[in-house]
């Protein structure tokens, strides 16, 4: 961790929001660390004036977020979605195999470890998970899962051929620090796979709605609610690509992440239409996106 990044992270999160003891004020953009941002919708949505990232402030503290994850509700719902999740994880594994066919793999924020069931057919797998509930479930299936974050990983000097973050980055309070740590932990020819929500369509929709809604109802990116998944940052494709490149990654593959666990005909059709638009125009309108990246050569 760079000392400048660490200092900015501390200054951005060390003040409690006055209205709620379980919240904190964010002074610096989580992506670029700029302190220039403005509120675009009540009660908590801001946009960075430098890099255009949308983020929450005030936001729940890490302790409050962790408490919501330990409820077990998310993991219980995942068990009900196993058939559809099998399809999705297989597709994500195929994305990785286009670029790396073997080696050691670290899955950050593995949840119940279901992805590892597929990845271990090709890779020597390990994972991290902050939820004790998730760790217990993953370890019960024989997976090597370390309780905590990447910074808590037991071997600070171990490098990985593949690191994956499947819808994890949007939950992380300091995504810049995490991605810098990931870059240092990749082998020279290693890859990182990141999937996150695509907020382009909700943001465009909200710009239209602002003239018709009260300030408290302006944005549809989802209110922070305990017992549900909490998103702290909201990336568009352009902001996400710029973020990765600024941190020293070369983008090898970028596309639509199929997150539709329920698969009615309408959603399947919409997914394929959006894929066609993406292929033809390089414009991403679907609800999620992925990037496969490798460390770019260092200058000098």
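Residue numbers (the working numbering): 8 to 307. Beta carbons: idealized from backbone N, C-alpha and C, even for Gly.
heavy atom of the ligand SAM below 6 Å from residue i C-beta
i           : result
residue 147 : For the structure depicted, the ligand SAM is absent and the ligand set is empty, with no information on it obtainable.
Residues bridged to residue i (per DSSP)
i           : result
residue 107 : DSSP lists no partner for residue 107.
residue 113 : 133, 170
residue 241 : 61
residue 300 : 199, 258
Minimum C-alpha distance to residue i - residue among the options
i           : options            : result
residue 30  : 118, 239, 173, 166 : 239
residue 246 : 205, 259, 265      : 205
residue 92  : 123, 57, 42, 43    : 123
residue 176 : 51, 196, 295, 303  : 295
residue 146 : 125, 155, 119      : 119
Beta-carbon proximity check, residue i vs residue j, cutoff 7 Å
i           : j           : result
residue 190 : residue 255 : yes
residue 198 : residue 299 : yes
residue 106 : residue 259 : yes
residue 112 : residue 135 : no
residue 65  : residue 182 : no
DSSP three-state assignment for residue i, whether helix, strand or coil
i           : result
residue 156 : coil
residue 182 : helix
residue 263 : strand
residue 52  : strand
residue 203 : strand
residue 66  : strand
residue 33  : coil
residue 175 : coil
residue 295 : strand
Inter-residue spacing [alpha-carbon to alpha-carbon] between residue i and residue j
i           : j           : result
residue 68  : residue 159 : 18 Å
residue 253 : residue 203 : 18 Å
residue 224 : residue 62  : Here the model assigns residue 224 a pLDDT of 48, short of 50, so the residue's position is not dependable, and the following value carries that caveat. Whole-angstrom Cα-Cα distance: 17 Å.
residue 8   : residue 185 : With a pLDDT of only 42 at residue 8, under the threshold of 50, the placement of this residue in the model should not be trusted; the figure read from the coordinates follows. Cα to Cα, the separation comes out at about 9 Å.
residue 171 : residue 140 : 20 Å
residue 237 : residue 169 : 26 Å
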